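Novice: Counted from 1, the sequence shown has number 142 at position 141 by the numbering used here; the numbering is strictly sequential.
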Amino acid sequence: MLQSLSVSQAHLPIGIFDSGVGGLSVAKCVQKLLPNEHIIYLADSLHAPYGSKPQDFIQQRVDTLAKQLIAKNIKALVIACNTATVNAIDELRKKVAIPVIGVEPAIKPAAARSKTKKVGILVTEATARNQRFLNLVKRFSSNIEVFIQPCPGLVELIEQGDIEQPKCDSLLRSFIQPLLEKDVDTLVLGCTHYPFLIDKIKNQVDQRLEIMETAEPVTRELQRQLAQRNLLA
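(1) State the CB to CB distance for the pair residue 77 and residue 233, rounded to an integer number of angstroms; the pair is presumed to be in contact (CB under 8 Å).
(2) The alpha helix (DSSP H) that contains residue 168, what's its start and end?
(3) Can you round the beta-carbon distance between residue 203 and residue 173 to whole angstroms, since I take them to be within the 8 Å contact cut?
(4) Give me the DSSP bridge partner(s) of residue 80.
(5) Give a yes or no on whether the C-beta atoms belonging to residue 213 and residue 110 are separated by under 8 Å.
(6) Please report the Cβ distance between residue 193 and residue 105, rounded to the nearest whole angstrom; I am assuming they are in contact, meaning their Cβ atoms lie under 8 Å.
(7) Straight-line CA distance for residue 40 to residue 20?
(8) Just to confirm, is the Cβ distance from residue 70 to residue 43 under 8 Å?
(9) Would you kindly check if the distance between the Cβ of residue 75 and the Cβ of residue 103 is under 8 Å?
(10) Consult DSSP for residue 219 and reduce its assignment to one of helix, strand or coil.
(11) Nearest-angstrom Cα distance between residue 98 and residue 208?
(12) Are there 16 or more other CB atoms within 10 angstroms of the CB of residue 199, so buried, or fewer, so exposed?
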């Protein structure tokens with residue numbers, strides 16, 4: 002269905018997409034760690050957020066966005082969206098030949114670092130009920146407790162630029178407080194939109210609580226896959 006490169010060319014751009022502005026946190030990290038690379042960023046803001054959408058709709062949007070970026074002759078594709086990754090990356094990888102890098106919550110390093118052996122994960126509704134995500138949690142939670150917290154409404158506020166409104170602080174508090182009551186000492190941001198709220202999150206938690214996001218691990222994996230194929234600019 003989707004066409005890809007017939008010849009590897011290091012000077013070609015990297016395609017990055019998200020349901021909206023959240024993936025810019027990943028794109029910013031790519032620019033910082035891989036400064037010689039060119040990026041094409043695509044935000045599907047018309048259909049944001051993905052968190053409340055059914056899986057078949059998310060898969061259809063991922064296919065559509067991938068087609069648009071591949072048509073621009075990209076050398077690699079980054080799905081800078083947790084919800085899109087868990088719902089559609091496996092099917093997409095069957096259809097394209099270029100590297101496809103997804104975003105997954107940093108459960109494994111969080112499990113290794115947690116001293117209380119209690120980890121909280123902030124996610125969208127679609128991610129919270131996705132079996133691929135739940136399998137990931139199960140795989141790395143053999144010796145820890147993982148508390149999954151869906152956060153309906155947060156992505157919408159970020160997309161609308163309303164994060165300075167009192168409603169945002171109130172909504173965030175309603176999601177974080179139950180995790181703090183569980184004595185979590187590590188908090189995983191399971192959506193690329195959530196790093197835009199990191200200062201607000203820090204204001205609501207103990208400074209000893211470690212907050213983990215995925216932009217750098219995703220960039221490192223992108224770098225690894227490009228180097229493996231001699232595609233680094």
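Where is the CB? At the ideal position from N, CA and C, for every residue including glycine. Please read all numbers here as calculations on a predicted model, not as lab measurements.
Specialist: Checking against the coordinates, here is how it stands:
(1) For the purposes of this step, residue 77 is taken as the residue at position 76 of the sequence shown. For the purposes of this step, residue 233 is taken as the residue at position 232 of the sequence shown. The pair is not a contact, with the Cβ atoms about 10 Å apart (cut-off 8 Å).
(2) The residue you call residue 168 lines up with position 167 of the sequence shown. Counting along the chain, the alpha helix (DSSP H) containing residue 168 begins and ends at 167 to 182.
(3) Position 202 of the sequence shown, counted from the first residue, corresponds to residue 203. Position 172 of the sequence shown, counted from the first residue, corresponds to residue 173. With 8 Å as the limit, residue 203 and residue 173 do not qualify as a contact, their Cβ atoms being about 11 Å apart.
(4) Residue numbering aside, residue 80 sits at position 79 when the sequence shown is read from its first letter. Residue 80 pairs with 18.
(5) Reading the sequence shown from its first residue, position 212 is the one you call residue 213. Reading the sequence shown from its first residue, position 109 is the one you call residue 110. It is a contact, given that the beta carbons lie within the stated cut-off.
(6) On the sequence shown, position 192 is the one that residue 193 refers to. On the sequence shown, position 104 is the one that residue 105 refers to. Contact doesn't hold; Cβ gap of about 11 Å is too wide.
(7) The sequence position of residue 40 within the sequence shown is 39, counting from 1. The sequence position of residue 20 within the sequence shown is 19, counting from 1. Spanning the two alpha carbons is a distance of roughly 17 Å.
(8) To locate residue 70, count along the sequence shown from 1; it is residue 69. To locate residue 43, count along the sequence shown from 1; it is residue 42. Yes; because the gap between Cβ atoms is below 8 Å, this pair is in contact.
(9) Working through the sequence shown from its first residue, we reach residue 103 at position 102. Working through the sequence shown from its first residue, we reach residue 75 at position 74. Result no, Cβ atoms of residue 103 and residue 75 do not sit closer than 8 Å.
(10) Your numbering for residue 219 matches position 218 in the sequence shown. Residue 219: helix per DSSP, three-state reduction.
(11) Here residue 98 corresponds to residue number 97 of the sequence shown, with the count starting at 1. Here residue 208 corresponds to residue number 207 of the sequence shown, with the count starting at 1. The straight-line gap from Cα to Cα measures roughly 44 Å.
(12) Stepping through the sequence shown from its first residue, residue 199 is reached at position 198. Residue 199 is exposed by the Cβ-count criterion.
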